[in-house]
Amino acid sequence: MSLWFIMEEYIMADYIHETGYTQCLRILQNGTFSLRASNIIHDLKSNHTSFHSLTLAGRISNGGSCKGTQYSDPYGTRDNVVVQAVVKISVKTSHVPVQLNSGKIILKSGTVCRLSESFCLDSDDGYTYWKPVPISSCNFHKYDVLYEGPATKITDDAENLSSPIIYSLTTQDITFVLTKTKEQPLCGYTLFCTKHPKLFIFETKEGTAFVKRGIIPVNNLDILAYMNSKFVYVEKHIRQQMISLYYNVMQQKCELERQVITNALSFATLQPDEFAYRLMKGPGYMAVTTGKLRIL
33 MSLWFIMEEY
43 IMADYIHETG
53 YTQCLRILQN
63 GTFSLRASNI
73 IHDLKSNHTS
83 FHSLTLAGRI
93 SNGGSCKGTQ
103 YSDPYGTRDN
113 VVVQAVVKIS
123 VKTSHVPVQL
133 NSGKIILKSG
143 TVCRLSESFC
153 LDSDDGYTYW
163 KPVPISSCNF
173 HKYDVLYEGP
183 ATKITDDAEN
193 LSSPIIYSLT
203 TQDITFVLTK
213 TKEQPLCGYT
223 LFCTKHPKLF
233 IFETKEGTAF
243 VKRGIIPVNN
253 LDILAYMNSK
263 FVYVEKHIRQ
273 QMISLYYNVM
283 QQKCELERQV
293 ITNALSFATL
303 QPDEFAYRLM
313 KGPGYMAVTT
323 GKLRIL
């Protein structure tokens, strides 16, 4: 945004100077900006606002005399004028959300622009540019890394290919449990699908993933993913408890049967009929002693 003073008629104008993509790129790379060949501004920094006093037309001597010349701007053309300006330059870089399905980009001020145009005039930040999204059938840009690192792989039977595979991780900051449902190829990579439609697992070595970890858009953080992981924990815990309870009950039952048989054997020699009653747990049976054998 520039503030202009025209000394001959004492006219003041305030407007946003049109800045192209090449000029913006030069500011970011070299920190320089030029309004005209004789007015070059140096040492511009990203995410910083600076003010600069310039003489755009005419000349003013140290003694106070001035000499005018012709000057043109968006407000018209004037002859024999001296133009001084106070230039405000704001250089900003930022990350903003993008809606790929609708082809829109939302700037920090709330201004909505077309993503394909790669340019927009923002109400707060002026001329705004961005790099176009590369066109790819793989759509790698649609994936974000929520976690990258080691995890625990659990399976009931490693030799059984149909046995479910569960990936779990519990740290101070992250907790998840995901079950592999099927495999999905993606341009030479193999992703593991989960019960959550937006969560995938990719087994790889560190630094060889097809997408790098960066800032995670809020839209990709789904609370259901964390709730589902808790449900999986509860489900697995209950299943383990039920299996453990079943084995305990069966073991207690076997111990009881063993005790009953042991007690019944004590009657086998002296009281065969009592032995038959206790062993068969009811009347209607008799025991016959033949040597060391007891026949029911």
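Numbering (our numbering), first residue to last: 33 to 328.
Even glycine gets a Cβ: it sits at the ideal position worked out from N, Cα and C.
On the criterion of 16 or more Cβ atoms from any shown chain inside 10 Å, does residue i qualify as buried, or is it exposed?
i	result
Tyr-53	exposed
Tyr-278	exposed
Arg-310	buried
Tyr-47	exposed
Glu-50	exposed
Val-113	buried
Phe-208	buried
Thr-160	buried
Ala-26	Because residue 26 is not part of the residues shown, which for the chain are 33 to 328, the question remains open.
Phe-65	buried
Ile-233	buried
Leu-57	exposed
Ala-190	exposed
Leu-210	buried
Gly-142	exposed
Gly-90	buried
Leu-256	Unreliable placement is indicated for Leu-256, whose pLDDT of 47 sits below 50; the coordinate value is still reported in the next sentence. That one is exposed.
One question on the structure: do residue i and residue j come within less than 8 Å of each other, judged by their Cβ atoms?
i	j	result
Val-119	Asn-79	no
Leu-88	Arg-68	yes
Ser-195	Thr-187	yes
Ser-148	Gly-135	yes
Tyr-218	Cys-170	Reading the sequence as shown, one finds Leu at residue 218 and not Tyr. Against a cut-off of 8 Å, the Cβ pair of Cys-170 and Leu-218 comes out as a contact.
Phe-172	Val-115	no
Ala-45	Tyr-107	yes
Glu-180	Arg-245	yes
Thr-226	Lys-212	yes
Leu-76	Ser-82	yes
Phe-162	Ile-137	Strictly speaking, residue 162 in this sequence is Trp, with Phe absent from that position. The answer is yes: Cβ separation under 8 Å.
Ala-241	Val-177	yes
Pro-129	Ser-150	no
Which residues bound the alpha helix (DSSP H) around residue i?
i	result
Phe-307	304-312
Ile-59	53-62
So, helix, strand or coil for residue i, using DSSP?
i	result
Cys-170	coil
Tyr-47	strand
Lys-402	Absent from the model: residue 402. The displayed extent of the chain is 33 to 328, so no value can be given.
Val-292	helix
Lys-285	helix
Tyr-179	coil
Gly-246	coil
Leu-277	helix
Ser-343	Because the chain is modelled from 33 through 328, residue 343 falls outside the range shown and cannot be assessed.
Leu-297	helix
What span of residues does the beta strand (DSSP E) with residue i cover, start to end?
i	result
Leu-153	151-154
Ile-138	136-138
Ile-121	115-123
Thr-101	101-105
Ser-66	65-68
Val-144	144-146
Asn-94	Asn-94 -> no beta strand (DSSP E), and no H or E assigned at all.
Asn-79	No beta strand (DSSP E) holds Asn-79; DSSP gives it neither H nor E.
Can you check whether the C-beta of residue i is within less than 8 Å of a C-beta belonging to chain D?
i	result
Gln-291	Any reference to chain D falls outside this structure, which holds one protein chain only.
Is it the case that the CB of residue i approaches a heavy atom of the ligand SAM more closely than 7 Å?
i	result
Ser-93	By its list of ligands, the structure shown contains no ligand whatsoever, and the ligand SAM lies outside what it can speak to.
Taking the runs of the beta strand (DSSP E) that are 3 residues or longer, which of them lie wholly in the stretch 183-241? If you keep only unbroken beta strand (DSSP E) runs of at least 3 residues inside the stretch 183-241, you get 184-187, 197-202, 207-212, 214-218, 221-225.
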